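Colleague: Submitted below is the structure of interest, expressed as structure tokens.
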Amino acid sequence: MEFDRHVLDAFPGICVAEGTITDVRIEKENQGLQALKVEVAKEIQSRYSLESVRNEPVFRAYRDFFWSVGVDPTKTRPASEALVRRILSGGILPRINTAVDSYNLASAVSGIPIAAFDRDMVKGDLFMRFADEGEEFIGIGMKKPVILTKNQVILLDSEQIV
Numbered sequence: 079m080e081f082d083r084h085v086l087d088a089f090p091g092i093c094v095a096e097g098t099i100t101d102v103r104i105e106k107e108n109q110g111l112q113a114l115k116v117e118v119a120k121e122i123q124s125r126y127s128l129e130s131v132r133n134e135p136v137f138r139a140y141r142d143f144f145w146s147v148g149v150d151p152t153k154t155r156p157a158s159e160a161l162v163r164r165i166l167s168g169g170i171l172p173r174i175n176t177a178v179d180s181y182n183l184a185s186a187v188s189g190i191p192i193a194a195f196d197r198d199m200v201k202g203d204l205f206m207r208f209a210d211e212g213e214e215f216i217g218i219g220m221k222k223p224v225i226l227t228k229n230q231v232i233l234l235d236s237e238q239i240v
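Using this note's numbering, the letters of the sequence shown correspond one by one to residues 79 to 240.
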């Protein structure tokens with residue numbers, strides 16, 4: 079992954095961990111994974127409350143980062159915090175497939191937002207830059223595009239925002 083120089087200037091020390099996992103067998107569900115999700119949900123419910131979670135150091139750091147790039151984390155939460163809040167509200171982690179469920183689980187446990195992309199669908203290398211004012215992004219499950227502002231950080235491949 080490469081970073082635009084303006085992103086590096088704005089966020090000295092920014093880093094993203096990336097890796098490639100191959101030969102993944104994705105299933106609709108797995109009983110062992112479902113059992114682990116229940117176990118982790120109980121552990122999260124014993125560790126956090128809806129009132130306290132925003133002040134936990136890892137969630138606080140991501141909230142502060144969101145504010146710094148012009149995103150209100152009370153309206154658009156960091157993914158890891160949103161997953162933990164879903165559990166604390168009596169919900170469960172969504173069931174998508176074993177790949178997505180696994181990284182959602184890792185995100186909820188670690189507090190670190192995690193994303194994954196199908197390498198066969200990514201065109202070229204990934205690149206992080208600031209959005210252009212008015213640039214549009216349509217995420218998974220979105221019916222309408224989000225209109226981006228110039229201070230929002232985005233990730234692209236050689237053809238589109240991912």
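Just so you know, even glycine gets a beta-carbon here, dropped at the ideal spot from N, CA and C. Just so we're clear, the structure is a prediction, and the values are computed from it rather than from any experiment.
Roughly how many angstroms separate the alpha carbons of Gln-230 and Asp-101, rounded to a whole number?
Modeller: Cα to Cα, Gln-230 sits roughly 34 Å from Asp-101.
Colleague: Rounded to the nearest angstrom, how far is the Cβ of Phe-215 from that of His-84, given a contact under 8 Å?
Modeller: The pair is not a contact, with the Cβ atoms about 18 Å apart (cut-off 8 Å).
Colleague: With distances taken between CB atoms, is the gap from Ser-127 to Ser-158 smaller than 9 Å?
Modeller: Result no, Cβ atoms of Ser-127 and Ser-158 do not sit closer than 9 Å.
Colleague: Do Leu-114 and Leu-226 have their C-beta atoms within less than 9 Å of each other?
Modeller: No.
Colleague: Could you pull the start and end residues of the beta strand (DSSP E) that Leu-171 belongs to?
Modeller: Taken as a continuous stretch (DSSP letters only), Leu-171 belongs to no beta strand (DSSP E), as it is neither H nor E.
Colleague: Please go through the same chain and pick out, in chain order, the residues whose beta-carbon is closer than 7 Å to the beta-carbon of Val-147, but skip the five residues on each side of it.
Modeller: Cβ within range, chain order: Asn-229, Gln-230 and Val-231.
Colleague: If we count the other Cβ atoms within 10 Å of its Cβ and call it buried at 16 or more, is Val-94 buried or exposed?
Modeller: With fewer than 16 Cβ atoms within 10 Å of its Cβ, Val-94 is classed as exposed.
Colleague: In chain order, what residues of the same chain lie with their CB nearer than 6 Å to the CB of Val-136, ignoring the 5 residues before and after it?
Modeller: Closer than 6 Å at Cβ, skipping near neighbours: Gly-189.
Colleague: Note the first and the last residue of the continuous beta strand (DSSP E) segment covering Phe-195.
Modeller: Looking at the DSSP string, Phe-195 is not in any beta strand (DSSP E), and its letter there is neither H nor E.
Colleague: Specify the secondary structure class of Ile-92 as computed by DSSP and reduced to three states.
Modeller: If DSSP states are grouped into helix, strand and coil, Ile-92 belongs with coil.
Colleague: Look at the alpha carbon of Pro-172 and the alpha carbon of Asp-179, and state the distance between them as a whole number of angstroms.
Modeller: Going by the C-alpha atoms only, they are around 7 Å apart.
Colleague: Taking Leu-234 as the reference, which of Met-199, Lys-221, Gly-219 and Lys-222 has the closest Cα?
Modeller: Taking only the C-alpha atoms, the option nearest Leu-234 is Met-199.
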